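Just so we're aligned: 162 in the working numbering is position 46 of the sequence shown, and the numbers increase by one with no gaps anywhere. Every residue, glycine too, gets a C-beta built ideally from N, C-alpha and C. Bear in mind the structure is a predicted one, so any value in this text is a computation, not a measurement.
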Amino acid sequence: MLRINFLPVRQLKKREKAKKQLAAFFFLFVLAVVLCAFAWLMQSHNMDSARKENARLASKKRELQPILAAIDQLNKKREELERRTQVIEQLKNESSLTVRIMDEVASRVDNNRLGLDSMAQIGGNLELKGIALDNESIAQFMDSLKTSPFIRDVSLAESSQKILAGRDLKSFTISCKVVLPASENVPDLKNTP
117 MLRINFLPVR QLKKREKAKK QLAAFFFLFV LAVVLCAFAW LMQSHNMDSA
167 RKENARLASK KRELQPILAA IDQLNKKREE LERRTQVIEQ LKNESSLTVR
217 IMDEVASRVD NNRLGLDSMA QIGGNLELKG IALDNESIAQ FMDSLKTSPF
267 IRDVSLAESS QKILAGRDLK SFTISCKVVL PASENVPDLK NTP
């Protein structure tokens, strides 16, 4: 006699396979949920740590704010002192330059043929006013000034006839530029008294 198995073996196998797949899917789902929860906890912990660090740094910044303000104040004072020192050095150089210019001009004046009435230095400009016996004396004086390492761009601004003590003399105004010489054969102005 034949035996017929009426049990649905294929269906049972499919059900068994479906149960295993469902269990695997459920296990993976639970694992994914656990991993997400773990990641969320880690992120939450990291954010809390970052907030605490941020609060600590903000507190430290507030503590250091007076020190930073003092440092800024000291930097401003230092800059002001440097500026003042620079101005003092510039004034020293300019005053010694003025002395050198006066010496240069005085050494180039021929007292027998020419006399200076005034000398005015405004910044880098120098104006000389005086009286000479003739135009040749003025020209010689200008040529002599041109050889000075401290004087540049010598030009005759004005020249006119002037009668003084019954003599015909020439009144003149010479303008020129005052410069610090770059030449090494000129003594250093800082060492000049």
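Continuous alpha helix (DSSP H) stretch holding residue i: start and end
i, result
"T214", "125-224"
"D398", "Past the edges of the chain, shown from 117 to 309, lies residue 398, and the structure says nothing about it."
"S260", "251-262"
Separation of residue j from residue i, as counted between CA atoms
i, j, result
"V203", "S165", "54 Å"
"A140", "L151", "16 Å"
"L249", "K286", "6 Å"
"M218", "E252", "22 Å"
"A153", "Q159", "10 Å"
"D226", "S275", "18 Å"
"R194", "L207", "20 Å"
"R126", "L157", "45 Å"
Buried versus exposed, by CB contacts within 10 Å (16 or more), residue i
i, result
"C115", "Since the first residue of the chain shown is 117 and the last is 309, residue 115 is not available in this structure."
"G282", "exposed"
"M234", "Rather than Met, the amino acid found at residue 234 in this sequence is Ser. Under this definition S234 is an exposed residue."
"F266", "buried"
"I279", "exposed"
First through last residue of the beta strand (DSSP E) which encompasses residue i
i, result
"D269", "267-280"
"N241", "241-248"
"L230", "230-238"
Looking at C-beta atoms only, is the number of pairs between the stretch 183-194 and the stretch 205-213 that lie closer than 8 Å three or more? no
Under 8 Å, with one C-beta from each stretch per pair, do the stretch 236-244 and the stretch 191-201 reach the 3-pair mark? Too few Cβ pairs lie closer than 8 Å, so no.
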